[in-house]
Amino acid sequence: MIKTLGNKFSLLLLFILLIAGFIRLYKLDQNPPALYWDEVSLGYNAYAVMTTGHDEHGELFPLARFIAFGDYKPPGYIYALIPGFLLLGANDLTVRLPSAVSGILMVFLTYVLVEQLTKRKLPALMAALVLAISPWSLQLSRAAFEAHLAALLHLAAILCFINIHKRKWFLLISVVLFTLSFYTFNANRILAPLFVILLSVIYAKQLLQMKRWVLVSIIIGLLMLIPSITYLQSRESRLRFQEVSIFTSLNIIKKSNERIARAGNTLWAKIIHNRRVYFTREFLIHYVDHFRGDYLFVSGDRNPRLSIQDVGELYIYEAPFLVLGLLYFLYRRDKVSALLFGWLLLAPIPAATARETPHMLRTASMLPVPQIFVAMGITIFINWLSKKRRKVKLTGIGLLLGIAAFSFIYYMHNYWIHYPATYGGEWQYGYKQMVEEVGKLEKNFEAVQVTLNLGRPYIYFLWYNRIDPLTYVESRQAERDWYGLWNVYGFGKYEFGDELPTARQQTLKVTSAGKLGEGAQKLSEIKGLDTSTVFEIGQP
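Residue numbers (the working numbering): 15 to 554.
Shown next as structure tokens:
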């Protein structure tokens with residue numbers, strides 16, 4: 015009987031994983047409808063390192079960061095792309111593949127985690143299912159988001175840590191995984207040490223019984239961090255921090271100074287209106303933003319790349335189950351509760367220090383905690399129904415299944431039918447088509463001039479034309495601005511800018527809609543999925 019039941023649970027888990035895999039991998043390179051520039055940058059730098067050992071700036075095997083646009087991307091996702099490129103080729107699909115696979119693996123690891131925490135298979139299966147169809151997880155899975163790979167590493171690290179009582183060497187694996195997450199997404203550079211501290215407090219008794227492994231793990235972790243030390247102390251790292259952090263906001267400092275002056279520069283005014291008080295207040299506001307109901311259940315992240323805009327990070331029907339699950343674990347007051355609530359409360363800290371909140375990417379490592387709470391709430395509800403009369407039981411389960419199915423279908427319908435056309439521009443749809451069209455026409459021209467109105471065209475020419483990075487570095491015209499960002503104005507026969515002089519007689523121009531100019535011969539145009547013109551291509 016027990017063996018039969020176990021087989022049923024295994025089959026159900028396999029079915030959930032198949033669902034998770036299908037909805038994450040199906041037409042992965044077609045929806046979202048294009049690679050946006052960060053995805054292309056990740057792909058090109060991985061291709062460059064794979065083929066030459068150098069990144070797009072000519073640096074040999076960067077370890078601490080990739081300069082990229084001057085945003086200094088962590089190296090984890092870029093190096094994770096290389097195995098897929100070697101096996102399946104460097105293309106749009108394989109750029110997104112690590113993130114999609116991360117989503118599938120997180121569903122499986124969530125099952126393992128919940129089964130170990132609760133010693134029960136039903137809530138574990140429920141948590142896996144809730145995560146498998148979660149809008150939060152699906153949105154992360156179908157684009158090349160570094161945060162998602164970091165979230166997988168984060169989850170795996172925690173899972174290893176809580177099993178150190180079974181195998182002491184799991185501690186070393188956990189530290190290695192935390193360190194890899196540190197090298198994969200900026201938020202995890204804060205989260206990794208915070209979670210090591212949290213877990214060390216919760217499982218202090220076990221750690222005291224394995225001091226040798228603790229020492230070995232600390233040494234290995236510190237050795238792995240050595241490549242990052244120089245970068246973290248550099249001007250580039252500080253500039254990146256200043257670009258996104260609330261703690262460098264001049265508006266807050268200005269407000270503090272003005273109010274102190276208006277209050278007569280008294281001691282009390284300097285205490286009450288101290289900039290540190292204002293920064294703390296701003297941090298708390300941004301922190302709480304990540305628990306707002308409209309963000310979680312109604313609209314999701316305001317960035318259309320991170321949400322379809324009319325479904326939250328969780329389905330709205332999950333709200334009461336989330337509360338029920340929270341209350342259940344709050345009542346338990348054990349190590350499991352400490353872990354889950356600590357996880358939930360620590361995860362938004364890096365995001366709360368940034369100016370844009372709430373932010374789904376920067377809190378990706380919160381997954382799968384909300385889904386675990388929801389799953390436990392649903393499990394409690396099902397157990398309660400099981401004690402009721404057959405009619406009540408069937409009605410309750412039928413309503414739950416019906417509402418859940420409708421919510422999932424509503425999300426998928428909007429994601430596949432309306433989202434690509436409505437928000438194709440957010441994914442820079444048209445750039446790939448423009449590069450392909452230019453490739454057909456450019457042989458008849460001495461120069462190609464491309465508008466900068468719509469972003470960073472150079473990276474699309476590098477990626478889709480597979481330009482050798484060393485050849486690119488030798489011929490590029492580029493400069494860095496005060497924030498360290500690179501502005502590329504040309505390489506080879508390509509020039510990037512607007513209102514550029516046509517020094518060479520035969521020049522092919524690529525402009526945004528309506529900017530080709532009077533008297534120009536339009537040769538082609540690129541339309542978006544909403545049928546609006548994205549690019550015009552012609553000869554002046």
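Quick reminder that beta carbons are idealized off the backbone N, C-alpha and C, glycines included. Source: prediction; values computed, not measured.
- From the listed residues Ser259, Pro318 and Leu543, the smallest Cα separation to Pro364 is found for Ser259.
- Residue environment for Lys87: buried (at least 16 other C-beta atoms within 10 angstroms of its C-beta).
- Of the residues Ser251, Thr525 and Leu154, the one whose Cα lies closest to the Cα of Gly469 is Thr525.
- Taking each of Gln520, Thr485 and Tyr497 in turn and checking the Cα distance to Gly504, the smallest one comes out for Thr485.
- Going by beta carbons, Ser155 and Ser116 fall inside the 9 Å limit.
- Unbroken alpha helix (DSSP H) runs of no fewer than 4 residues, entirely contained in the stretch 464-551, are found at 471-478 and 483-489, following chain order.
- If you look at Tyr91, you'll find it in the alpha helix (DSSP H) that goes Gly90 to Leu102.
- With 16 or more other Cβ atoms from the protein chains shown falling within 10 Å of its own Cβ, Pro137 counts as buried.
- Counted as a single uninterrupted DSSP element, the stretch harbouring Leu310 is not any alpha helix (DSSP H), since DSSP gives it neither H nor E.
- The DSSP-derived three-state label of Phe459 is coil.
- In this structure the stretch 170-181 does not lie against the stretch 100-115, because fewer than three pairs of beta carbons, one per stretch, are closer than 8 Å.
- Distance between Phe75 and Leu56, taken at the CA atoms: about 14 Å.
- Within its own chain, the residues whose Cβ lies closer than 6 Å to the Cβ of Pro241, once the five positions on either side in sequence are excluded, are Leu77 and Ala78, listed in chain order.
- When DSSP states are grouped into helix, strand and coil, Phe209 belongs to the helix group.
- For Ile243, the enclosing alpha helix (DSSP H) starts and ends at Lys225 to Leu246.
- Under the 10 Å beta carbon count, Asn397 is surrounded by fewer than 16 other beta carbons and is classified as exposed.
- Around the C-beta of Gln442, 16 or more other C-beta atoms lie within 10 Å, and the residue is accordingly described as buried.
- For Asn45, there is no enclosing alpha helix (DSSP H), as DSSP marks it with neither H nor E.
- Of the candidates Leu123, Phe83, Asn59 and Glu53, the residue whose Cα lies closest to the Cα of Ala157 is Glu53.
- Membership of His71 in any alpha helix (DSSP H) is not indicated, and neither H nor E is assigned to it by DSSP.
- By alpha-carbon distance to Gln553, the top candidate from Ala366, Leu139, Ala62 and Val464 is Val464.
- For Ala366, DSSP records no beta bridge to any residue.
- Counting only residues of its own chain and dropping the five nearest sequence neighbours on each side, Leu338 has a CB closer than 6 Å to the CB of Gly391 and Ile394.
- Closest option to Leu95, judged by alpha-carbon separation, among Ser421, His373 and Tyr61: Tyr61.
- Listed in chain order, the non-local C-beta contacts of Leu167 below 7 Å within the same chain comprise Leu191, Leu194, Ser195 and Thr198, local neighbours out to five positions each way being set aside.
- Asn317 is a Cβ neighbour of Met374, given a cutoff of 9 Å.
- Burial state of Asp315 is buried, judged by a 10 Å Cβ sphere holding 16 or more other Cβ atoms.
- Under the 8 Å Cβ criterion, the stretch 446-457 does not count as touching the stretch 338-348, having fewer than three qualifying pairs.
- Three or more beta-carbon pairs separated by less than 8 Å are not found between the stretch 268-287 and the stretch 499-514, which leaves the two stretches without contact.
- The alpha-carbon separation between Ala114 and Arg306 amounts to approximately 27 Å.
- Counting only runs of at least 4 residues, the stretch 373-409 fully encloses the following alpha helix (DSSP H) elements, listed from N- to C-terminal order: 383-400.
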